[in-house]
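First residue of the sequence shown: 42, per the working numbering; consecutive thereafter.
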Amino acid sequence: MTDVKALVSQMTLEEKASMLNGLNFWQLKGVERLGIPSVMVTDGPHGLRKQAGESDHLGLNAAVPATAFPTAAGLACSFDRELVHEVGEALGDICQQEDVSVILGPGANIKRSPLCGRNFEYFSEDPMLAGEMAAAHISGVQSKNVGTSLKHFAMNNQETRRMSVSVTCDERTKREIYLKPYEIAVKKAQPWTIMCSYNKIGGVYSSENHRLLTEILRDEWGFKGYTMTDWGACCDHVKGVAAGMDLVMPSLGDKADADIVAAVKDGRLSEATVDAAVERILTITYRYLDNHRKDPDFSLGAQHHLARKVARETAVLLKNDGMLPLKASGKTAFIGAFAETPRYQGGGSSHINSYETTSALEAVRSVAQVEYAKGYIGDSDTPDEALLAEAVALAKASDRAVIFAGLPDVFESEGYDRAHLRMPENQLRLIDAVAAVNENVAVVLHNGSVIELPFADKVKAILEMYLGGQAVGGAAVDLLYGAVSPCGKLAETFPLRLEDTPAYMNFPGDGDSVEYREGLYVGYRWYDTRKMAVRYPFGYGLSYTSFEYSNLKVSEDTLSEGGKITVSADITNTGSVGAKEIVQLYIASAHDGVSRPAQELKGFEKVYIAPKQTVTVTFTLCKRAFSYYNAGIRDWYAEDGAYELRVGASSRDIRLTAKVTLTGAKPLPVKVTGDTTFGDAMSIPGADKVISELLSQLGGVFAMGGSDDEMTKAMLMYMPLHAVGSFAGESFNEETLEKLIRALNEIQK
Ligand code: BGC
42 MTDVKALVSQ
52 MTLEEKASML
62 NGLNFWQLKG
72 VERLGIPSVM
82 VTDGPHGLRK
92 QAGESDHLGL
102 NAAVPATAFP
112 TAAGLACSFD
122 RELVHEVGEA
132 LGDICQQEDV
142 SVILGPGANI
152 KRSPLCGRNF
162 EYFSEDPMLA
172 GEMAAAHISG
182 VQSKNVGTSL
192 KHFAMNNQET
202 RRMSVSVTCD
212 ERTKREIYLK
222 PYEIAVKKAQ
232 PWTIMCSYNK
242 IGGVYSSENH
252 RLLTEILRDE
262 WGFKGYTMTD
272 WGACCDHVKG
282 VAAGMDLVMP
292 SLGDKADADI
302 VAAVKDGRLS
312 EATVDAAVER
322 ILTITYRYLD
332 NHRKDPDFSL
342 GAQHHLARKV
352 ARETAVLLKN
362 DGMLPLKASG
372 KTAFIGAFAE
382 TPRYQGGGSS
392 HINSYETTSA
402 LEAVRSVAQV
412 EYAKGYIGDS
422 DTPDEALLAE
432 AVALAKASDR
442 AVIFAGLPDV
452 FESEGYDRAH
462 LRMPENQLRL
472 IDAVAAVNEN
482 VAVVLHNGSV
492 IELPFADKVK
502 AILEMYLGGQ
512 AVGGAAVDLL
522 YGAVSPCGKL
532 AETFPLRLED
542 TPAYMNFPGD
552 GDSVEYREGL
562 YVGYRWYDTR
572 KMAVRYPFGY
582 GLSYTSFEYS
592 NLKVSEDTLS
602 EGGKITVSAD
612 ITNTGSVGAK
622 EIVQLYIASA
632 HDGVSRPAQE
642 LKGFEKVYIA
652 PKQTVTVTFT
662 LCKRAFSYYN
672 AGIRDWYAED
682 GAYELRVGAS
692 SRDIRLTAKV
702 TLTGAKPLPV
712 KVTGDTTFGD
722 AMSIPGADKV
732 ISELLSQLGG
742 VFAMGGSDDE
752 MTKAMLMYMP
762 LHAVGSFAGE
772 SFNEETLEKL
782 IRALNEIQK
């Protein structure tokens, strides 16, 4: 192992400063004198995007051939840690082949609004699912001695003005929703690097945010790797390094190195800060270099098979009125341009030069005979009357029609947000027209994010493939014809319409300012708390079999500090085909005083169950799962009392419930001042005595009702201590107030 500390000690200040600024678009600098080579970092994250020629960060110029796996939006629907780990391993393998030290991703940003143009690159609206998926991805890649760059840290939840917008969000929401996926991924998988976001948080660029990059990320969570800017996210290099930003990408040129040297010389930046950053970068670089090896058996062909398996596991069957799986007999029509040229990845920096693609039309040849009509132009939204008429005629003459539809490239991409959730006009017209002449219509969807489905009641089946990667066509055929059962579930809610979505009133903000006014109520936390109707709920997905849930067991009735409980349930496959089920555990809290979403996901397991077999699924919970982030104590806190454990097949299909009681919580400290209400003061253990004593001495209105009676106390609930004087006459003066405040603060020590 290379002795990095020894290397750093031999470097001049100029050499060290140069390490904090990239060499070019994709490479870090080396130091020839000391034999430190330059290494490459590159996109990612659903395949490798390594540019051999001209560089760009928008996926425009060519990259070496690689495997395009389903994008994060689909991967998360697998709810499958092992599968995502396997994808990570494959990415690690190709990085080793192509001499890449770090692949840029995964992206763990929360889907705040379905309009975010980059939602196809993000996992979920739920922080636990996003964090678990990111952790699996990271540990898969890194098991191959290649680094990841967990991005975009943090609160990059829109593309509109992504490089200048400032996010305003309360601390509790940040911790519980937006930072949570990163916390999970850092603690579970220790990404080798983290990429900051472009935007500002509370007026401070993420690239210069000491609280984010140092206090939270390193001091609280224990992140050990190096941080890098998103491409072009550096505003003030010296400020960035001081805040904990180790590497600027792409290169800012020589002046940036000189700026760091000057800042050290004139005392604005300590040399120890520079040393620490260089040491972190080199530790990671040598972790890769010391373990760099190419596998003689590496094959892109094998990865194509994996891509097909992954796409099968990520697809979600949204509707099936008995039409699927399809029969091979009879006359089947495949309709829609995406059957021939599937849309399987998104636009921008994650765009991969996939070396092979399989369309459904190609894949179906080995399974059944179908006839094809194009129906619409794939990259347009204008109906083509001739194509439409041809498709309708074919549908009329067929026993069944499968329409391949979704969103064209231009409808969703990095760099801009969507304006609406509609599918293109030409595709909607096609679906309506085909459904009018044939009652057996299935729709296969290729889209990276939520869309409105106005035709849902007019067709018999809907299979959501998301952006399913280069083998999506093969996977769609496997699922349509029942080679395997669909087993994905939605990692995001499909609302009925855009106007129902949580951030609708505040997205993408006003100018360079966006306020997350919906707070914690993102995704199903919003729809479930408001009991709103949705098209398809979070965690929902059908299968070719059915599952029965029974025998919920909780290991203990109570849970105290430092303790654990296990929750188990039996799941039986009651149908006739083997299939996987995703079992979800939600917790509901019914406590007053602190607002909580109706329920929150706290566990999920995916299991394969053979027909008529039963499998027991187990979850382990500790107090943190019941906690909310209390900004006052800057820590997680769970009130004592009863909580409901809900085990179900989706957020809206809870099959089993049980109760557990939390005990032993330390009372929250109350910093008593004149503004503290009696009610809050009364929550302090021992305050009852102090307050009763005071009340018994008061005159004015307090003397009338009897000082200690319940009614007086109830009325006092929301009265601040300082206001007592107004009602108690001379019996309460400033001195009495001071004494009371002191006594109440004293008893908490
Ligand atoms: C994107 C990153 C990407 C980088 C390099 C940026 O514009 O936000 O996700 O990794 O470019 O291409």
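Beta carbons: idealized from backbone N, C-alpha and C, even for Gly.
Burial state of residue i (16 or more Cβ within 10 Å)
i	result
P638	buried
A442	buried
N332	exposed
I725	buried
E787	exposed
N488	buried
G363	exposed
M174	buried
P424	buried
E147	Reading off the sequence, residue 147 comes out as Pro, not Glu. With 16 or more Cβ atoms within 10 Å of its Cβ, P147 is classed as buried.
S154	buried
D569	buried
H193	buried
P710	exposed
Unbroken alpha helix (DSSP H) run spanning residue i, endpoints
i	result
E381	378-381
V475	466-478
V45	45-50
V227	221-230
Y329	312-330
Where the beta strand (DSSP E) through residue i begins and ends
i	result
L762	Premise fails: L762 is in no beta strand (DSSP E) and is neither H nor E.
I782	Looking at the DSSP string, I782 is not in any beta strand (DSSP E); the run it does join, the alpha helix (DSSP H), is 775-787.
M236	234-237
S733	Careful: S733 lies outside any beta strand (DSSP E), inside the alpha helix (DSSP H) at 728-737.
I444	441-447
K192	188-194
K360	357-361
Paired residues, beta bridge with residue i - DSSP
i	result
M81	Q68
W677	Y670
G611	Residue identity check: residue 611 is Asp in the sequence provided, not Gly. BP columns for D611 point to S591, T657.
S554	S207, D551
F645	Q625
G689	Q625, I695
R90	D84
T599	T702
Distance cut-off 6 Å: residue i Cβ against heavy atoms of the ligand BGC
i	result
L735	no
S400	no
L145	yes
D425	no
W67	no
S390	yes
D271	yes
H98	yes
D84	yes
Residue i beta carbon near the ligand HEM (any heavy atom closer than 6 Å)
i	result
D458	Although the ligand HEM was asked about, the structure shown includes only the ligand BGC as ligands.
Three or more C-beta pairs under 8 Å: does that hold for the segment 134-148 against the segment 379-388? no
For the 8 Å Cβ check, are there 3 or more pairs between the segment 161-174 and the segment 216-226? yes
Specify whether the segment 249-266 and the segment 63-78 touch according to this definition: at least 3 beta carbon pairs, one from each stretch, less than 8 Å apart. no
Pair every Cβ in the segment 665-684 with every Cβ in the segment 130-138, then say whether three or more of these pairs are closer than 8 Å. no
Would you check if the segment 524-531 and the segment 589-607 touch, i.e. whether three or more CB-CB distances between them fall below 8 Å? no
Hey, is the segment 705-724 in contact with the segment 757-765, meaning 3+ C-beta pairs nearer than 8 Å? yes
Do the segment 267-285 and the segment 45-57 make contact, defined as three or more Cβ pairs closer than 8 Å? no
Evaluate the contact criterion for the segment 106-121 versus the segment 494-512: three or more CB pairs, one atom per stretch, below 8 Å. yes
At a cut of 8 Å, does the segment 569-586 reach the segment 353-369 through at least three beta carbon pairs? yes
Closer than 8 Å is the cut-off here; do at least three beta carbon pairs connect the segment 81-95 with the segment 297-314? no
Under 8 Å: do the segment 480-495 and the segment 321-332 share three or more Cβ pairs, one atom per stretch? no
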